[in-house]
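Trainee: Read in order, the letters of the sequence shown correspond to residues 1 to 342 in full-length UniProt numbering. We treat Cβ as the ideally placed atom computed from N, Cα and C, and that holds for glycine. Remember, it's a predicted structure, so these values are computed and weren't measured experimentally. Okay, handing you the structure first.
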Amino acid sequence: MRKLLNTLYITQEDYYLSRERDNIVIKQDGKIVNRFPYRIIENIICFSYLGTSPSLVQLCNENNISLSFLTPTGKFCGRFVGMTNGNVLLRREQYRIADDDIRSIEYAKRSLLAKISSSRKYVLRFKRDHSGKIDESLFNNVDKELLKSIELIKQVKDKDSLRGIEGNAANTYFRVFNDFVLVNKDVFQFNGRTKRPPLDCVNAMLSFGYSLLTNECQSALETVGLDSYVGFFHTDRPGRASMALDLVEEFRSYIVDRFVFSLINKKQVSNKHFDIKENGSVFLNDKGRSIFIKEWQNRKHTEVVHPFINEKVKLMLLPYVQAQLMAKAIRDDLPSYPPFMA
């Protein structure tokens, strides 16, 4: 397992990155704003259009620092990584599994069982912790339907049916999202999942969090030598990191959803942290992104006991642990892939 170093987030749209000897330098209007030794940086994520100098790209390449570019609203643009780790035999076996519906559906089912189980546990935990403040009958019904979805997934034989069950389970889970909001309900009204673009403040934060998580999962898969673009559940599409999206499913509820509603209920975000565009889309503004990322970084250091390896693991190392377990299962070093069951 690799050591968790720092991820450098560039959230100001007018920041430019360059290199000065062994330092990563951040500039604004040609003036140095900050600098960091490259040795303490593992990933750089830029929400900026100005980009970086060629010398910094070279520094990242030589020291295996990933460099990701997103728009200021969180849409993924591209990613630069150095030399690929792992070996061709692992990837060849990954491709063989992806082309075999019988083998690949077993991986997909395990990841989705973890996703729905995690969602269900969050529903039950929230109901327990906030009894009297929520519609408990709604929570009970959602719990029963999610449990039914779990049983259906165990029996399903084809991916189209699996996608249908997963979609229904997601819509069921979304029915309690308004009850997850305990304060400022007028600002954080959730009217269903909207992605491209997000149409309310809750969706804006969910989309932003999922983008960050997808980047972490993509980095984790590439670190162990897997191809992040060839998945077992999400279909192939140009530019789509399908395997990373497969891995994200295990962590949506456990990492992102709980985090977003925690920010809302602790009143760390409000309507002043969002911008509404002419087409009705809603995005975190500069201040909102700064708050989100600061708390996201703090959350990374939370330790949890991983249920399979039975060791304490920092939260944002979980994708790397799962990527390693995925690689072991593909190599047949494990009898089956153990998803993260929160």
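Which same chain residues end up closer than 7 Å to Met326 when comparing Cβ atoms and leaving out the 5 residues on each side of it in sequence?
Mentor: Leu226, Tyr337
Trainee: Helix, strand or coil: how does DSSP classify Pro37 here?
Mentor: strand
Trainee: Go through its chain and collect everything with a Cβ distance to Val334's Cβ below 6 Å, but skip five positions before and after it.
Mentor: Reading the sequence as shown, one finds Leu at residue 334 and not Val. Within the same chain, Leu334 has close Cβ partners Lys328.
Trainee: With distance defined between alpha-carbon atoms, name the residue in Gly132, Ile153, Lys154, Lys127 nearest to Asn141.
Mentor: Lys127
Trainee: Residues in its own chain within less than 7 Å of Ala204 by CB, not counting five upstream and five downstream?
Mentor: The residues are Pro198, Phe274, Val282, Phe283, Leu284.
Trainee: Within 8 Å, do at least three Cβ pairs link the region 49 to 66 to the region 12 to 30?
Mentor: yes
Trainee: Give me whichever residues DSSP pairs with Val305 in a beta bridge.
Mentor: As DSSP reads the structure, Val305 sits in a beta bridge with Lys312.
Trainee: Which residues in the same chain have their Cβ closer than 8 Å to the Cβ of Asp29, if we skip the five residues on either side of it in sequence?
Mentor: Asp14
Trainee: Taking Leu147 and Val176 to be in contact with their CB atoms under 8 Å, please state how far apart those CB atoms are, rounded to whole angstroms.
Mentor: Actually they are not in contact, since the Cβ atoms of Leu147 and Val176 sit about 14 Å apart, beyond 8 Å.
Trainee: Name the residue from Tyr320, Leu221, Asp246 whose alpha carbon lies nearest to the alpha carbon of Leu104.
Mentor: First, the amino acid is wrong: residue 104 is Ser here, not Leu. Taking only the C-alpha atoms, the option nearest Ser104 is Asp246.
Trainee: Give a yes or no on whether the C-beta atoms belonging to Ile291 and Val183 are separated by under 8 Å.
Mentor: no
Trainee: Is Leu112 near Leu162, with beta carbons less than 8 Å apart?
Mentor: yes
Trainee: Give the straight-line distance between the Cα atoms of Asn171 and Val269, rounded to the nearest whole angstrom.
Mentor: 25 Å
Trainee: For Asn203, which of helix, strand or coil comes out of DSSP?
Mentor: helix
Trainee: Identify, in the order they occur along the chain, each residue of the same chain with its Cβ nearer than 7 Å to the Cβ of Thr11, setting aside the five sequence neighbours on each side.
Mentor: Phe47, Asp286, Arg289, Ser290, Ile293
Trainee: Exposed or buried, Asn271, counting other C-beta atoms within 10 Å across all chains shown (16 or more means buried)?
Mentor: Of the residues assessed, Asn271 falls on the exposed side of the cut-off, its CB having fewer than 16 other CB atoms within 10 angstroms.
Trainee: Report the three-state DSSP secondary structure of Val25 (helix, strand or coil).
Mentor: strand
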